[in-house]
Amino acid sequence: MFADYLHKTTKAAPIAVFRILFGILMCASIIRFWSKGWIEQLYIEPKFYFSYYGFEFVKPLGNWTYLLFAICALSALFVALGFRYRISIIVFFLSFTYIELIDKTTYLNHYYFVSILSFLLIFLPAHVYYSIDALKNKKLQVARIPKWCVDALKLVLAIVYIYAGLSKINSDWLLHAQPLKIWLRTRSDFPVIGGILHYSWVHYFFSWFGMLYDVFIVFFLVKKSTRVYAYFVVIAFHVLTRMLFPIGMFPYIMIACTLVFFNAEFHEKIIRLFRKGIVGLGVKKYAKQNKNNGSVYVQNNLKLVQGILIVFFAIQLLLPWRYLSYPGELFWTEEGYRFSWRVMLVEKVGIATFTIIDPDTGREFEIRNNDFLTTVQIKQMSTQPDFILEYAHMLRDHYVKEGIAKPQVYVKCYVTLNGRLSKAFIDPTINLANEKESFAHKKWILPFDGTIKGI
Amino acid sequence: MVKKVGVLIIAFSALLVLSCDDELKPSENNVFDAIPLLENIVDTHILPEYDTFNKDLSKLVAAKDTFLTNTTEVNLVSLREAYLQAYTTFQAAGKYDFGVANDIRFYLNVNSHPLDIGKVENIIPSPESINLERIEFQASQGFPAVDYLLNGLGTSDSEILAFYIGDEGDNYQGFLDKVIDRIANLTQQVVTDWEVNFANTVKNDAEFADLIYNSYVEYFEKRLRSSKIDFPAGKFSGIPNSMAVESVFKPEESQRLLLEAFNSARIFYLGTENSTSSWSKILVNLGEEGLDARIKLEFIEAEIALNALNENLAQQVETDNTLMLAARDALQDLVILFKADVVSVLEIPITIVDNDGD
């Protein structure tokens, strides 16, 4: 049955539209990022960068970062145009992912989403239709592509939505409407509905609606009879979240990507619109040529590609569950939190003060975090154990250079989670200079007092 | 399947609406109403505190003028009294480091301690040629310089007076004149701006709540905690430095000034008896009574720790620095609540950093 499915074909228009919108939005995102001065602020100004465990070889590039962003933007544009598509999407994936790996301070689920989507696109024939490549190379022009190529994109979106929804099934989100209560009740300035945003029932309504939306929207998008309505809900949902929260380009990316659920005829209409509006990239000619042409795209190394994608999806499906292998409350320890579509689930603020002790002299002094980190870094560092450890090691190495042979590093860290009173987060008696980073549970995280039930 | 899911959602929503019937009742108070808060902050804290300080400064300027025209020990004593009075009310007025106060570096120019004595000694031979507006002279002026000029030149009044009537008397008088006039001038700039339009601007723009809160917490941490306690106690260096206390040439005033600043910061949080809104009341209205109670408790604990200190903080640092560090920890407990808990429940951006979240 699966073998039969792999032989099913579909028209190429959906994936072409996906490629174009994705490329344009990525290019726009990079330009927006650049114009806001964030390259300088996030990738050049900091003196220290927080690495991902295992990716310490990814180093900041100083002023070359601008070149990296330029390459990234240009490759995104080439992807949109379908110009040297394979090379462009590979360059985009590598440059974008490199940028994200420089400093985990800037981690956002939607950047991870872009990385995995661009990885997937490397293996998909998104350039066989309405592209410069196909215009120049007639061999590329095919009428149909394997159905699984389009379905792979839908599957990524389904994973994102459903996992985001499942992670909302917890007592803080559903029974206490947290953290939405905190975020919404102070937004009385919001247009039209601002006046009701401080009512408790609104917080509960948004929480429940958000969970149900995330879990079920994909099913309504798959089903033809509900698809159009579902898509209006998608637009309304993402526009509303964009207005309420500072989440940048993500809503637009989701609105654009979700179009992939529509059928090929719908996408051909979009391409006709493109053609009228912009340039006829040989579509007319191509359409005539292929009228009676049932040619199907033939993937090189098909078995290898399918193998890679099976592994890819297996990882996507399993990674969010890795938190189950850690003791303690996930929202508190954040062990196994990232790369799992846990979006907007926690309102966490922390304050971490580090003390250095020179055991040889007994000299003891506190660190001013501003001397080493930027404001954004301090904010992220103060609530996440892996940041705290990495920073402690940086401080240790710094004071070894300053002449303290064996500096001890201690931290007093207090964190508030979803409206609870702040409490001690890290064992203040542990010398972090001696602790090692690993995927193992960090025993020096103090236990969480309350309980959060759920997935 | 899909229809079933649809029915399920509708049923679920209905259930939800029914089950939380109580929640449907509007709770009028459950809102962070910034405008009344800002009106209270401006009218019951900022304007009266600046006004009191400014009046004391006028008296200081007058006492200074009297001393300069009639340089006697009696006038030195009354000048010193006027100085201490102004320094005392400054502890409240110095809290508001935004607007013009921030532009002209009001706090730092008026109260950077420890004083750069070396630079002051270099200035004194030719005070008229020095432009105190230059940032390099930030730590060579303000109240710490007045402290030096009135208390630090000798051990007795007659010794101190000798500097003003001796060979270099004109220079000492010139510098004293310049330093006090500059404090008055800086203050006047701030007060005038508040009176002309800033008060109305602030009272009508809810955005100022975030700015004022950030400014308050920064004051609490950097000035009240760090300048007055951390630096003398050597918190960031491991090396205590009793010369860094406020009013170092009359150190028996240092704890009193610290308490003055602390109490003013506490009243700013709680509100005065005339306040109809305050940060404390905002938290209670939002249903965060627990947090409010904890803050009030930590204020009491901090008060106890500060009262346990010697009236002479320099002496405290030298004899038993652990009490200084304990007082510091007590203030730090408040900083934690201000920077973590309050910021979290009020959704205040801790500094205005523009960035995406998810």
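The listed protein sequences correspond, in order, to chains C and F. Per my numbering, the first sequence runs over residues 12 to 466. Per my numbering, the second sequence runs over residues 692 to 1049. Heads up, the beta-carbon is just placed ideally off N, CA and C, and yes, glycines get one too. Note that this is a predicted model, so its numbers are computed, not measured.
Relative to the Cα of Asp848(F), the nearest Cα in the group Phe789(F), Ser769(F), Ala783(F), Leu775(F) belongs to Ser769(F). Using a CB distance below 8 angstroms, the part of the stretch 1001 to 1035 of chain F facing chain C consists of Gln1023, Val1026, Ile1027, Leu1028, Lys1030, Ala1031, Asp1032, Val1034, Ser1035, ordered along the chain. The shortest C-alpha to C-alpha distance from Asp15(C) to any of Gly465(C), Glu375(C), Arg349(C), Trp159(C) is the one to Trp159(C).
By the C-beta criterion, the stretch 963 to 972 of chain F is judged to be in contact with the stretch 729 to 740 of chain F, since at least 3 inter-stretch pairs fall below 8 angstroms.
Taking the Cα positions, Ala27(C) is about 23 angstroms away from Ile321(C).
The contact set of Glu989(F) on chain C, defined by CB atoms closer than 8 angstroms, is empty, because the minimum CB distance reaches about 11 angstroms.
Under the DSSP assignment, Pro1040(F) falls outside any beta strand (DSSP E); it carries neither an H nor an E label.
Beta-bridge partners assigned by DSSP to Ile156(C): Thr21(C).
Between the alpha carbons of Gln317(C) and Pro57(C) lies a gap of roughly 41 angstroms. A distance below 7 angstroms between beta-carbons, with the five flanking residues on each side excluded, links Trp970(F) to the following residues of its chain, in chain order: Tyr960.
Note on geometry: alpha-carbon atoms of Tyr907(F) and Arg947(F) lie some 21 angstroms from one another. Contact of Leu1037(F) with chain C by beta-carbon distance below 8 angstroms involves Thr197. Excluding its 5 nearest sequence neighbours in each direction, Ile31(C) has C-beta neighbours in its own chain below 6 angstroms: Ala91, listed in chain order.
According to DSSP, Thr427(C) shares a beta bridge with Val360(C). For Asn793(F), the three-state secondary structure derived from DSSP is helix. When Cβ-Cβ separations below 8 angstroms define contact, Glu377(C) makes contact with chain F.
Excluding five sequence positions before and after Tyr122(C), the CB atoms of its chain that fall closer than 7 angstroms to its own CB belong to Glu111, given in chain order. Taking the CA atoms as reference points, Leu146(C) sits about 8 angstroms from Gln152(C). Ile378(C) is the residue among Lys453(C), Ile378(C), Ile466(C), Ile98(C) whose C-alpha sits nearest the C-alpha of Ile368(C). Put simply, of Glu944(F), Ala993(F), Asn813(F) the residue whose alpha carbon is nearest the alpha carbon of Ala777(F) is Glu944(F). Scanning chain F for C-beta atoms nearer than 7 angstroms to the C-beta of Glu358(C) yields Ser1035, reported in chain order. Out of Ser211(C), Lys165(C), Tyr215(C), Leu168(C), the CA that lies nearest to the CA of Lys179(C) is found in Tyr215(C). Rounded to whole angstroms, Glu992(F) and Leu767(F) show a C-alpha spacing of 39 angstroms. Ranked by Cα distance from Leu191(C), the options Phe324(C), Glu358(C), Lys423(C), Lys453(C) are led by Glu358(C).
Distance from the CA of Leu329(C) to the CA of Leu977(F), rounded to the nearest whole angstrom, comes to 40 angstroms.
Contact between Thr427(C) and Asp1032(F) holds, with the beta-carbon distance rounding to 5 angstroms and staying under 8 angstroms. The beta carbon of Ile986(F) lies closer than 6 angstroms to those of Leu1028 in the same chain, with the five residues before and after it left out.
Any Cβ of chain C closer than 8 angstroms to the Cβ of Ser928(F) would place that residue at the interface, and such an atom is present. Its chain contains Pro805, Phe922, Pro923, Gly925, Val1008 as the residues whose beta carbon lies nearer than 8 angstroms to that of Asn932(F), once the 5 sequence neighbours on both sides are disregarded; these appear in chain order. For the pair Gly843(F) and Ala853(F), the CB atoms are not nearer than the 8 angstroms cut-off.
Between the alpha carbons of Pro262(C) and Leu132(C) lies a gap of roughly 20 angstroms.
A distance below 8 angstroms between beta-carbons, with the five flanking residues on each side excluded, links Ala1005(F) to the following residues of its chain, in chain order: Pro923, Ser933, Met934, Val936, Val939, Pro942, Ser945.
In the three-state reduction of the DSSP assignment, Asn761(F) falls in the coil class. Membership of Phe376(C) in the beta strand (DSSP E) is indicated by the continuous run 375 to 377.
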